[in-house]
Amino acid sequence: MIESLQYLARAGSTNDALAAQFTDLAPPLTLRQALIESQRCLYCYDAPCTRVCPSDIDVANFIGNIAQGNINGAAQVILRENILGGSCSRVCPTEILCEQACVRNHDAEAQPVKIGLLQRHAIDHMHFQQHPFQRAAATGRTIAVVGAGPAGLVCAHRLAMLGNEVIIFESLPKPGGLNEYGIAKYKLTDDYAQKEVDFLLQIGGIQLRHEQTLGDNLSLKQLAQDYDAVFLGLGLGASRKLGLTGEDAPGLMAAVDYISVLRQAEDLTNLPLATRCLVIGAGNTAIDMAVQMARLGAEEVSIVYRRGADAMSATGHEQDIAKAHQVRLRTWAQPQQVLLDEAGRVRGMRFEKTQMADGKLKGTGETFELAADAIFKAIGQTLDGDLDSDEVGREIALAGDKIRVDEHFQTCVPGIYAGGDCVQAGQDLTVQAVQHGKLAAVAMHQHLTSLNSVSKEAA
């Protein structure tokens, strides 16, 4: 992991000065701003913003509540569908979802209602005397959830709300998954991920057990025997390989590993910092990595992608953030060779220029080199070896490198469900992981309830 970079100089300045570089990316709305912005909403019937929301939040309804001064009402509308509505308001790509669908985009204003900031305003200013949702009567069922990321946490919350007991098994020291370990520090500040988990757990009926890893001290076979159902919210824990010689050399590492250390660092001045760094990839993680290196004080930061900018999975909004931090976007360049110095450490990378020919990406044969003290891979994640090392896990069918599930998020193994980034459906968005967890919980609960009904009829 980050030991690969320990030979580099430390980030300069003071911890306070560096911490100031990781404050909120988008300042929250004031009360007056929220009221004015909420009154721009047309409260559409069959609102397009609601139709494209992956977690089915009734957008017009919660904005209407803000306009009327009913903050708790707005928050309850949001949390009913998305109990992680606070973090989603900060990290969700609203620019390609609800705000892109906003009808205000299609008139002379060409300026959508600031739905994400309004959602944040509602969650940040809610004041409930107790948890806004109460548990149903106890079902007598207990479900195991593997993974305390967004999908697992939301699944656990909805199951608990429906009257079930839930045990969450998590391999890492803290719950939260990518919200805790994988999101840019300037997007989720002030230990927000843990505060949100604490709020979620107030529903009751949920236990967290840490340092529990499939294939090590946890087995699906045992979980299936001990619990009424199992939900897998494993995420994608392994970084894809570039497939180049020298990929394991000091100075080259996965972007998500550095981001994880950065998010957990108590003193940012202890972080190794490259003067010149390259980020290989085209998604939001690549942007997060590059921008954070720039904020830490790197002098030259470049993102390199094998296709054109229009093919990048990072949204235009994210690309603009990178450009605002003087991050250079180099496109149409395929990594060809890791360049090492005499000590065997990274000194740069050779790239081959690419182009589209007959609908396929092809190399042109022309190469160039970029110097770098460190190179970060942000070329996607895949399942780690947890399932392969588990007896029942090896029976679970995959679609490519993700778990195959049916329309109820059930795997091919009866009683074992899965959701979030580890399954084949979706775009690896937090808000979609939320929806997976919620729908899987309802499906599990309905299935177990039907079994109760059958048992009573048989008796």
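For the sequence shown, numbering that gives the first Met the number 0 gives the first residue as 0, with consecutive numbering after it. For every residue, glycine included, the Cβ atom is placed at its ideal position computed from N, Cα and C. Since this is a predicted model, take the numbers as computed values, not measurements.
Tell me which same chain residues have a C-beta within less than 7 Å of the C-beta of Val58, skipping the five on either side of it? Ala46, Cys48, Thr49, Cys52, Cys97 and Ile114
Just mark Glu210 as buried or exposed, buried being the case when its beta carbon has 16 or more other beta carbons within 10 Å. exposed
Considering only their Cβ atoms, is the gap separating Val433 from Cys40 smaller than 9 Å? no
Okay, do the region 402-422 and the region 115-125 touch, 3+ Cβ pairs below 8 Å being the bar? no
Kindly list the residues whose CB is nearer than 8 Å to the CB of Ala396, restricted to its own chain and excluding five residues on each side of it in sequence; keep chain order. Ile402, Arg403, Thr410 and Cys411
Going by the CB atoms, is the gap between Ser3 and Val112 shorter than 9 Å? no
Apart from the five residues on each side of it in sequence, which residues of its chain come closer than 6 Å, Cβ to Cβ, to Arg305? Gln333 and Thr353
Which same chain residues end up closer than 7 Å to Asp383 when comparing Cβ atoms and leaving out the 5 residues on each side of it in sequence? Gly236 and Ala237
Quick check: is any heavy atom of the ligand GTP less than 8 Å from the C-beta of Ile279? Because no ligand of any kind appears in the structure shown, any question about the ligand GTP cannot be addressed here.
Between Leu233 and the rest of its own chain, which residues show a CB-CB distance below 6 Å, the 5 nearest in sequence each way excluded? Gly146 and Cys421
Identify whether Val58 lies in helix, strand or coil by the three-state DSSP scheme. helix
Does DSSP put Ile98 in a helix, in a strand, or in coil? Before going on, a small fix: residue 98 reads as Glu here, not Ile. Glu98 falls in the helix class under three-state DSSP.
Given a cut-off of 9 Å on the beta-carbon distance, is the pair Ala371 and Gly347 in contact? yes
Starting from Tyr257, trace the alpha helix (DSSP H) both ways and give me its first and last residue. Ala254 to Gln263
Take the Cβ of His407 as the centre, count every other Cβ of all protein chains shown within 10 Å, and call the residue buried at 16 or more, exposed below. exposed
Quick one: complete beta strand (DSSP E) runs, 3+ long, within the region 268-311? 275-280 and 299-303
In whole angstroms, what separates the C-alpha of Leu272 from that of Pro249? 13 Å
Given a threshold of 16 other Cβ atoms within 10 Å of its Cβ, counted over all protein chains shown, does Ser54 qualify as buried or as exposed? buried
In chain order, what residues of the same chain have a beta carbon less than 8 Å from the beta carbon of Pro27, not counting five sequence neighbours either side? Leu116, Arg119, His120 and Asp123
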